[in-house]
Amino acid sequence: MTLLNHKHSTIEAAIASIPHGAVIMVGGFGSPGTPFALLDELLAQGQTGLTLIKNDANEPDIGIGRLIRAGRVDRLLTSHIGLNRIAIEEMNQGRLAVEMYPQGLLAEKIRCAGAGHYGFLTDIGLDTEIAAGRREIECDGRTWAIEPAIRADIALVHADLADAYGNLVYRGTAINFNPLMAMAADRTIAQAFEIRYPGSLIPEAIHTPCAFVSQVVQVDPVTSEQGRRAHAI
Amino acid sequence: MPSDQERILARAAREVVAGQIVNLGIGLPTRLFHYLPEDMEVLIHSENGVLGCQPLASGREADLEMIDSGGAYIGTRPGASVFDSALSFAMIRRSRVDITFMGAFEVDQAGNLANWKIPGKFSPGIGGAMELAQKVDTLVVLCSHNDKHGNPKILRHCRLPLTAPRCVSRIITEKAVMQVTAAGLEVIDIAEGLEVAALRAATEAELIIDESRLGRF
Numbered sequence: 001m002t003l004l005n006h007k008h009s010t011i012e013a014a015i016a017s018i019p020h021g022a023v024i025m026v027g028g029f030g031s032p033g034t035p036f037a038l039l040d041e042l043l044a045q046g047q048t049g050l051t052l053i054k055n056d057a058n059e060p061d062i063g064i065g066r067l068i069r070a071g072r073v074d075r076l077l078t079s080h081i082g083l084n085r086i087a088i089e090e091m092n093q094g095r096l097a098v099e100m101y102p103q104g105l106l107a108e109k110i111r112c113a114g115a116g117h118y119g120f121l122t123d124i125g126l127d128t129e130i131a132a133g134r135r136e137i138e139c140d141g142r143t144w145a146i147e148p149a150i151r152a153d154i155a156l157v158h159a160d161l162a163d164a165y166g167n168l169v170y171r172g173t174a175i176n177f178n179p180l181m182a183m184a185a186d187r188t189i190a191q192a193f194e195i196r197y198p199g200s201l202i203p204e205a206i207h208t209p210c211a212f213v214s215q216v217v218q219v220d221p222v223t224s225e226q227g228r229r230a231h232a233i
Numbered sequence: 234m235p236s237d238q239e240r241i242l243a244r245a246a247r248e249v250v251a252g253q254i255v256n257l258g259i260g261l262p263t264r265l266f267h268y269l270p271e272d273m274e275v276l277i278h279s280e281n282g283v284l285g286c287q288p289l290a291s292g293r294e295a296d297l298e299m300i301d302s303g304g305a306y307i308g309t310r311p312g313a314s315v316f317d318s319a320l321s322f323a324m325i326r327r328s329r330v331d332i333t334f335m336g337a338f339e340v341d342q343a344g345n346l347a348n349w350k351i352p353g354k355f356s357p358g359i360g361g362a363m364e365l366a367q368k369v370d371t372l373v374v375l376c377s378h379n380d381k382h383g384n385p386k387i388l389r390h391c392r393l394p395l396t397a398p399r400c401v402s403r404i405i406t407e408k409a410v411m412q413v414t415a416a417g418l419e420v421i422d423i424a425e426g427l428e429v430a431a432l433r434a435a436t437e438a439e440l441i442i443d444e445s446r447l448g449r450f
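So the protein lines, in turn, are chains A and B.
Note that my numbering numbers the first sequence so that position 186 is 186, with each residue one more than the last.
Note that my numbering numbers the second sequence so that position 97 is 330, with each residue one more than the last.
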């Protein structure tokens, strides 16, 4: 176990540990909770052949939209990409493999991996076209679909507050997929607006305990993408 | 003279009961909030992880980390909570959301709903619609009665891929309010000034109409 300042990392060092071809979960529902600074560093460092797992594809010019535009993403597991016309175009041209899941199933598949399970049984989507290709079993006289969990090599998450141990607190609707993804990847890199001394966060208010977090990177709330969008309003 | 959309929304507001947890789909249903009485105690659920959201008060600065599932900046009312996406959908699958309002490409007389995909033309992904449609006890469809070419959207059988089978309780269009029953699609209200024959002509589904009990809206 490595604690304290070992987790406080520069953004360059944290992202440099991501190899080509990595499977990466990215927090966020639309913009809130998207770790824009970590994604921009990933764009700058040049890793390619990535598989991304994110609720949506952001918009063409921000977040994972920039990585998709730059041709760095081979595969995207998602729920809805309606706000990113370039991602739709790349999908239709066969340059981006897209797997679509109902949003709650995507969340639950990630939660399930984070809880250390293989998968779960559900009745969501029986008798619809998403049932094609799913294995089904009978239990207690009813039919259930088997939904395998989804894990990743890396999770990139955005928190409001962190401490140097890597405990995380999210805010508002920026919570979304972040705490689920933080638990479902082999390594989790978190960006936060503020990194405090251990002991300064309220223990009961911590959403993601530090056991699940590998590195924390401080991002400026004013100059980061989150902050720039604030000024644009 | 209200517009078609205003007529739909004003009628839809009468479906909401104080104390309910209400989910509003993207587009037209999102505007329903403005048609509810201001002092009505309801909690609006947004599947990205809020219970108790409300439109941002005019003049208030937006909090960048507070949006609804349609991407609009929102405020919250007293008693609101925020939570992660898995919990948000647990609330839906456990039927803790009482009523949801959604748009439709097609809806049929058995209560089947298609509102997420037009093969070859429109397939951005299903988002949260499938779980809401399958698990919320009361699903009210708000849509225009016909598409922009005048073709019926209220059908005998949906032709597009389904969001969920047999999930719709009620359909509200600018022409009629229709209830899905075991016997078929029953017209409860018809728009002011519209003849029954004209309603039937604009509809592909078989309609059950008892003129002696027909309401106007």
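For glycine and all other residues, C-beta sits at the position ideal for the given N, C-alpha and C.
Check	Outcome
For a cutoff of 9 Å on Cβ pairs, would you count A:V219 as touching chain B?	no
Would B:R379 and B:K368 qualify as a contact pair, given that the criterion is a beta-carbon distance under 9 Å?	Looking at the sequence provided, one finds Asn at residue 379 of chain B rather than Arg. No, the Cβ-Cβ distance between B:N379 and B:K368 is not below 9 Å.
Identify, in the order they occur along the chain, each residue of the same chain with its Cβ nearer than 8 Å to the Cβ of A:A131, setting aside the five sequence neighbours on each side.	G125, A145
What's the C-alpha gap between A:A190 and A:G141?	44 Å
Which whole runs of the alpha helix (DSSP H) in the segment 320 to 392 of chain B are 4 residues long or more, in chain order?	362 to 368
Under the three-state reduction of DSSP, which class applies to B:S318: helix, strand or coil?	helix
State buried or exposed for A:R183, treating a residue as buried only when at least 16 other CB atoms are found within 10 Å of its CB.	A quick correction: the sequence has Met, not Arg, at residue 183 of chain A. Buried is the call here.
Using the three-state DSSP reduction, which class does A:G199 fall into: helix, strand or coil?	coil
Could you pull the DSSP bridge partners for B:Y306 from this structure?	B:I300
For B:I254, which of B:G344, B:V340, B:M324, B:D422 has the nearest alpha-carbon?	B:M324
Where does A:H6 land, buried or exposed, given buried means 16+ other C-beta within 10 angstroms?	exposed
Within the same chain, show all residues whose beta-carbon is closer than 7 Å to that of A:F120, passing over the 5 residues directly before and after it, in chain order.	E108, C112, E147
How about B:T455 and B:D331: are their beta carbons less than 9 Å apart?	Because chain B in this structure spans residues 234 to 450, residue 455 of chain B falls outside the shown range and cannot be described.
At a Cβ cut of 7 Å, what residues of the segment 356 to 386 of chain B count as close to chain A, listed as they run along the chain?	P357, G358, I359, G360, G361, M363, E364, Q367
Work out the CA separation of A:V73 and A:I81 for me, nearest whole Å.	14 Å
Going by C-alpha distance, which of B:G344, B:L320, B:P357 is nearest A:I110?	B:L320
Checking contacts by CB at 9 Å: is A:N58 closer than that to chain B?	no
I want to know whether the segment 204 to 215 of chain A touches the segment 26 to 44 of chain A - three or more CB-CB distances under 8 Å.	no
Does A:E108 get closer than 9 Å to chain B when you measure Cβ to Cβ?	yes
Taking C-beta to C-beta, are B:E298 and A:D160 nearer than 9 Å?	yes
CB-CB under 8 Å to B:G336, same chain, minus the five flanking residues each way: which ones, in chain order?	G258, I259, G260, L261, P262, N348, V374, L375, C376
Return yes when the Cβ of B:D237 is within less than 9 Å of the Cβ of B:I282, no when it is not.	A quick correction: the sequence has Gly, not Ile, at residue 282 of chain B. No, the pair does not count as a contact, with Cβ atoms beyond the cut-off.
Pick helix, strand or coil for A:R75, following the three-state DSSP scheme.	strand
If we ignore side chains and look at the alpha-carbon of each, how far apart do A:A16 and A:R66 end up?	18 Å
Does DSSP put B:E444 in a helix, in a strand, or in coil?	helix
What span of residues does the alpha helix (DSSP H) with B:V429 cover, start to end?	429 to 434
Just checking: is the beta-carbon of A:N176 within a distance shorter than 9 Å of some beta-carbon in chain B?	yes
Are the segment 432 to 446 of chain B and the segment 411 to 421 of chain B touching by the rule of at least three beta carbon pairs closer than 8 Å?	yes
With a threshold of 9 Å between beta-carbons, can B:S318 be considered close to chain A, or not?	yes
Beta-carbon of B:A337 versus every beta-carbon of chain A: anything under 9 Å?	no
For B:L289, I'd like the list of residues in its chain whose CB is within less than 7 Å of its CB, leaving aside the five on either flank, ordered along the chain.	A295, Y306, I307, G308
Within the same chain, show all residues whose beta-carbon is closer than 6 Å to that of A:V222, passing over the 5 residues directly before and after it, in chain order.	none
Indicate whether at least one CB of chain B lies closer than 9 Å to the CB of A:N55.	yes
Using DSSP with H/G/I as helix, E/B as strand and the rest coil, what is B:M273?	coil
On the criterion of 16 or more Cβ atoms from any shown chain inside 10 Å, does B:G252 qualify as buried, or is it exposed?	exposed
Considering only their Cβ atoms, is the gap separating A:M25 from A:L43 smaller than 9 Å?	no
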